[in-house]
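Participant:
Residue numbers (this note's numbering): 1 to 179.
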């Protein structure tokens, strides 16, 4: 062997140190890239979840808008129903043998029933009041009177019927409660 070919142990060590340093740098680069990849993946997943939540929220808003779109019109129609019921009450009190009046009574009953059916089809329901305990979310107490045999807060008379639309109060019942 010639002197040029012989490598002393001191000369070999710097090459090994350089190789170890290169390997360590490559490992740290891989770790940095892996962390960046994980970070980007987390950001992507969060963005996708946020988009899905926005989609769901938007769909719910559209559904609610469609569900309650008839509220304003329904409130106006409740006044019509109230007047129909007043007319029925007046015609029933008249108790006459007049055939025209009887026919009018039947016609008003039919219109009132048809209106109630239309309310039901769009999710409008009458609030049950008589005999129930006063619920401030559903009932508006207009008066309070002494009444024997009735519990305090029990509804004993209804001035005006209340209605809900898909569970949301459209108009509270106006009631009289027992003291």
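Each residue gets a CB set at the ideal place from its N, CA and C atoms; glycine is no exception.
Counting only the same chain and skipping the five closest in sequence on each side, list residues whose C-beta sits under 6 angstroms from that of residue 146.
Facilitator: So the list reads 179, once near-sequence residues are dropped.
Participant: To the nearest angstrom, how far is the alpha carbon of residue 78 from that of residue 86?
Facilitator: If you take the alpha carbons of residue 78 and residue 86, they lie about 12 angstroms apart.
Participant: What is the DSSP secondary structure of residue 3, reduced to helix, strand or coil?
Facilitator: With a pLDDT of 49 at residue 3, under the threshold of 50, the modelled position of this residue cannot be trusted, and the question is left open.
Participant: Label residue 44 either buried or exposed according to how many other C-beta atoms from any shown protein chain fall within 10 Å of its C-beta, with 16 as the threshold for buried.
Facilitator: With fewer than 16 Cβ atoms within 10 Å of its Cβ, residue 44 is classed as exposed.
Participant: For residue 170, which of helix, strand or coil comes out of DSSP?
Facilitator: Residue 170: strand per DSSP, three-state reduction.
Participant: Could you tell me whether the Cβ atoms of residue 175 and residue 133 are closer together than 8 angstroms?
Facilitator: Not in contact: residue 175 and residue 133 (Cβ atoms no closer than 8 angstroms).
Participant: Would you mind giving the Cβ-Cβ distance between residue 70 and residue 122, rounded to the nearest angstrom? I have them listed as a contact below 8 angstroms.
Facilitator: Right, their Cβ atoms sit about 5 angstroms apart.
Participant: Could you tell me the alpha carbon to alpha carbon distance between residue 42 and residue 166, rounded to whole angstroms?
Facilitator: Between residue 42 and residue 166, the C-alpha separation is close to 40 angstroms.
Participant: Run through the DSSP bridge pairs and tell me what residue 70 is partnered with.
Facilitator: Paired residue(s): none; residue 70 is not in a bridge.
Participant: Within 10 Å of its beta-carbon, does residue 173 have 16 or more other beta-carbons around it, so buried, or fewer, so exposed?
Facilitator: So residue 173 counts as buried.
Participant: Would you kindly work out how many angstroms separate the C-alpha atoms of residue 60 and residue 76, rounded to a whole number?
Facilitator: Each residue's Cα considered, the two are about 26 angstroms apart.
Participant: Given that a residue counts as buried once 16 or more other Cβ atoms are within 10 Å of its Cβ, and exposed if not, what is residue 32?
Facilitator: Exposed, since its Cβ has fewer than 16 Cβ neighbours within 10 Å.
Participant: May I ask you to report which of helix, strand or coil DSSP gives residue 127?
Facilitator: Looking at residue 127 - three-state DSSP - the assignment turns out to be coil, as it is neither helix nor strand.
Participant: For residue 115 versus residue 160, is the C-beta spacing smaller than 8 angstroms?
Facilitator: No, the Cβ-Cβ distance between residue 115 and residue 160 is not below 8 angstroms.
Participant: Take the Cβ of residue 162 as the centre, count every other Cβ of all protein chains shown within 10 Å, and call the residue buried at 16 or more, exposed below.
Facilitator: Looking at its Cβ environment, which holds 16 or more other Cβ atoms inside 10 Å, residue 162 is buried.
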